[in-house]
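Worksheet: one structure, shown below.
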Amino acid sequence: MKIVVIGPPGSGKGTLSKSLVKKFNFVHISTGDMIRAHITRATPLDLEVKEILEKGDLVSDELIMELVEATLHDTSHIPNGYILDGFPRTLPQAEWFVSHFEVDYYIILDISSKTVIERISGRRIHPSSGRIYHIKYTPPKVEERDDETGEALIQREDDLPDKVKNRLEVYKSLTTPIISFIESNSDKCIHINAEQTEQAVVQNILSIIGKTL
Ligand code: AP5
Numbered sequence: 107m108k109i110v111v112i113g114p115p116g117s118g119k120g121t122l123s124k125s126l127v128k129k130f131n132f133v134h135i136s137t138g139d140m141i142r143a144h145i146t147r148a149t150p151l152d153l154e155v156k157e158i159l160e161k162g163d164l165v166s167d168e169l170i171m172e173l174v175e176a177t178l179h180d181t182s183h184i185p186n187g188y189i190l191d192g193f194p195r196t197l198p199q200a201e202w203f204v205s206h207f208e209v210d211y212y213i214i215l216d217i218s219s220k221t222v223i224e225r226i227s228g229r230r231i232h233p234s235s236g237r238i239y240h241i242k243y244t245p246p247k248v249e250e251r252d253d254e255t256g257e258a259l260i261q262r263e264d265d266l267p268d269k270v271k272n273r274l275e276v277y278k279s280l281t282t283p284i285i286s287f288i289e290s291n292s293d294k295c296i297h298i299n300a301e302q303t304e305q306a307v308v309q310n311i312l313s314i315i316g317k318t319l
């Protein structure tokens, strides 16, 4: 099965993807994770991309499409399918994606900015595994420590309040328009109320896609 998940920053795309991956052995393809992995060196291009990320702006369509193409041009090594998180995010990306790839579902997470801000401000990440916590909703067993390794958790640079404000504006101006584009080019869009608990969001999706698994 091939699934694309679209939603504002902090709407739960990563959390949902990790649940579905655990359940169905999908591969989780997160363009945010791809870019963060890409900027571990200190080349001029990496530093430029790092700055874009930290401001909460989008990296260029060319770079991101190149990364996605390199991952998706041959999916024979991912027999159970994938969940694509964070792509497409602009109209050129959506036009390219829709014309090159067939998927089973586009899941669109609907959520208010108020909830997103609360979720992002409480988010903690274990950098090497990507495990996601929330200090209120899914706290680690030991404060600020990863459950499995005991290593320190971090807050993402782009999770600071002024960056989040920019990320939400970018989402509204560049990503919201792709939803109507995708809806008019595909009958596979599902809107999910992402204000619900993690379990309710997953159950809601399973009740729709589960029938065909
Ligand atoms: P990316 O990493 O994709 O960030 P994002 O879209 O801003 O999304 P987040 O990772 O912040 O949030 P999420 O929706 O995954 O929420 P999460 O599950 O963690 O992209 C980062 C950057 O990379 C972009 O800004 C851009 O620069 C670049 N980029 C990426 N893709 C690009 C593209 N296609 N084109 C150009 N540039 C691109 O959940 C958030 C918190 O809420 C967590 O603490 C979690 O525990 C909690 N939570 C989740 N669900 C629930 C729930 N139901 N109830 C209560 N708490 C919940």
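Mapped onto the numbering used here, the consecutive letters of the sequence shown carry residue numbers 107 to 319. Heads up, the beta-carbon is just placed ideally off N, CA and C, and yes, glycines get one too. Given the structure is predicted, the values throughout are model-derived calculations rather than measurements.
- Between I112 and L280, the gap from beta carbon to beta carbon reaches 8 Å or more.
- Here T137 is near V174, since their CB atoms are less than 8 Å apart.
- A heavy atom of ligand 1 is found nearer than 7 Å to the CB of Y243.
- Listed in chain order, the beta strand (DSSP E) elements of length 3 or more contained wholly in the segment 197-230 are 211-216.
- For H232, the shortest separation between its Cβ and any heavy atom of ligand 1 does not lie below 7 Å.
- A residue is called buried when at least 16 other Cβ atoms come within 10 angstroms of its Cβ; K242 does not meet this threshold and is exposed.
- With contacts defined as CB atoms closer than 8 Å, I217 and A306 fail to qualify as a contacting pair.
- The segment 247-314 is shown to contain whole beta strand (DSSP E) runs of 3 or more residues at 295-299, in chain order.
- Collapsing the DSSP output to three states places L153 in a helix.
- By the CB criterion at 8 Å, I189 and F132 fall inside the cutoff.
- Annotation: G316 to A200 spans about 26 Å, alpha carbon to alpha carbon.
- Secondary structure note for V133: its beta strand (DSSP E) is the uninterrupted segment V133 to S136.
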